[in-house]
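Just below is one structure, and these are the notes that go with it.
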Amino acid sequence: MNRDELAAFLRDRRARVAPAEVGLPSGERRRTPGLRRQEVAQLAGMSIDYYIRLEQGRGPHPSRQVLNALGRALMLTTDERAHLLRLAGQPMDTPRIREDIPDSLLHLISFMEEIPAYVLDARYDIRAWNPLASALMGDLDGQTPKERNVLRWVFMSPNIAEHLGDEEKGRFARASVADLRVAAGRYPDDKGLQALVTEMLGLSPHFAELWARHEVEVRREQRKRVNHPLVGPIDTICQVMPVPDRDDLRLVLYTTEPGSDSHRALRELRQLTLSS
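Mapping the sequence shown onto the UniProt record's numbering, position 26 (from 1) lands on 26, and the numbers just tick up by one.
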């Protein structure tokens, strides 16, 4: 049970719930945003003293019933409820981040000749990719393993705004940090993941700001515009697909609307990779 993280998560989520969202009057004397501790306790059906101890990181080990009640009171999403259970040390699967990539997955991305595809692990390291993914994202073959980390790229690359644009970068950065929060709760003992978070907190104030929000959301489909230096802007649908039986890996695909300018630009990029 991670008492400090659990306490911080509860405090943050309480501040995000407006009284009107749970049927309570807003009132005029509220000095802080969100719900009061007493209101959360009442909505969850527990004593105020018990809830205060949880928020102060000195409470007892909460049961699943208590956590479910808190999830309802704080209007948590499915991803946030799963994160809450992990922080509280509830019995769940304890997967680990492995170093191997299934051969079947490597074969799959190699056959995707017209779709940029790569394999991403829970530490945001790109572990395998096809030629079109390398052409789209910028010579993955010539990068070191450390450079092939999406979080380092998003927060530390000097040309990221040229590649994605400021607004696109902001959305992608926020979604990536929220997704990394999920991984940190799922793999609490992974030293590589802990080292990455520590590194990014020390190097990027923007990452530190987003990490302090305690946002939790698994990355799924996301639309993204990529500004490519050779073929121009490509509007893509970035699909993040879990790999069966491997919670630590995801298959990331960049598709486009059939027949669109972006589709033609992606085909042009493929031709350039074949001729180079």
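Beta carbons are placed, not taken as given, at the ideal position from N, Cα and C, and that holds for glycine.
Cα-Cα, which of the options is closest to residue i?
i	options	result
N149	S104, T255, A128	A128
L193	L35, D79, R96	R96
R250	V66, S157, S275, L108	L108
H206	P25, E221, F172	F172
E99	D125, Y118, L76, A117	D125
A41	N227, A69, D79	A69
T77	L24, I101, E215	E215
L253	T144, V177, V240	V240
A212	V197, R225, E257	V197
I160	N227, R53, T273, Q38	N227
L10	Y51, L180, L203	Y51
R3	G170, E55, S275, T255	E55
L85	G202, L201, D248, P188	P188
I101	C238, D247, M112, G142	D247
E21	M75, Q38, V243	M75
residue 311	L151, D141, D245	Only positions 1 to 276 of the chain appear in the structure, and residue 311 is not among them; the question remains open.
I need the boundaries of the beta strand (DSSP E) containing residue i, first residue and last residue.
i	result
R223	222-228
G117	One detail in the question is off: residue 117 reads as Ala in this sequence, not Gly. Taken as a continuous stretch (DSSP letters only), the beta strand (DSSP E) holding A117 covers 117-121.
Q90	From DSSP, Q90 is part of no beta strand (DSSP E); its letter is neither H nor E.
L6	From DSSP, L6 is part of no beta strand (DSSP E) but of the alpha helix (DSSP H) over 3-16.
R264	Not the beta strand (DSSP E): R264 falls in the alpha helix (DSSP H), residues 261-275.
Y254	246-255
T32	Taken as a continuous stretch (DSSP letters only), T32 belongs to no beta strand (DSSP E), as it is neither H nor E.
G232	232-243
With C-beta atoms as the reference, is residue i less than 7 Å away from residue j?
i	j	result
A175	R223	no
A183	A117	no
A73	M1	no
E221	D79	no
A7	G71	no
R225	E168	yes
L269	A135	yes
P131	T236	no
L201	A195	no
V243	L210	no
R53	G45	no
H83	G170	no
In the DSSP assignment, find the alpha helix (DSSP H) that holds residue i and state where it starts and stops.
i	result
D100	Run containing D100: none; DSSP gives neither H nor E here.
Using 6 Å as the cut-off, classify the Cβ of residue i as near or not near the heavy atoms of the ligand ADP, replying yes or no.
i	result
E114	No copy of the ligand ADP appears in this structure; indeed no ligand is present at all.
> What are the start and end residues of each continuous alpha helix (DSSP H) run of 4 or more residues lying completely inside the UniProt domain "HTH cro/C1-type" (34-81), in chain order?
Replying inline: Within the UniProt domain "HTH cro/C1-type" (34-81), the complete alpha helix (DSSP H) runs of at least 4 residues fall at 37-44, 48-55, 64-73.
> Between the stretch 29-43 and the stretch 2-20, are three or more C-beta pairs nearer than 8 Å?
Replying inline: Output reads yes: the stretch 2-20 touches the stretch 29-43.
>> If contact is defined by three or more beta carbon pairs under 8 Å, each pair taking one atom from either stretch, is the stretch 229-237 in contact with the stretch 249-268?
In response: Judged by Cβ distances under 8 Å, the stretch 249-268 makes contact with the stretch 229-237, as three or more pairs qualify.
> If you scan the stretch 129-214 from start to end, which runs of the alpha helix (DSSP H) of 4 or more residues do you find wholly inside it?
Replying inline: Fully enclosed alpha helix (DSSP H) runs of 4 or longer: 131-137, 150-156, 160-164, 166-186, 191-203, 205-211.
> Any chance the stretch 153-162 sits against the stretch 62-69, with 3 or more Cβ pairs inside 8 Å?
Replying inline: With the cut-off at 8 Å, the stretch 153-162 and the stretch 62-69 do not touch.
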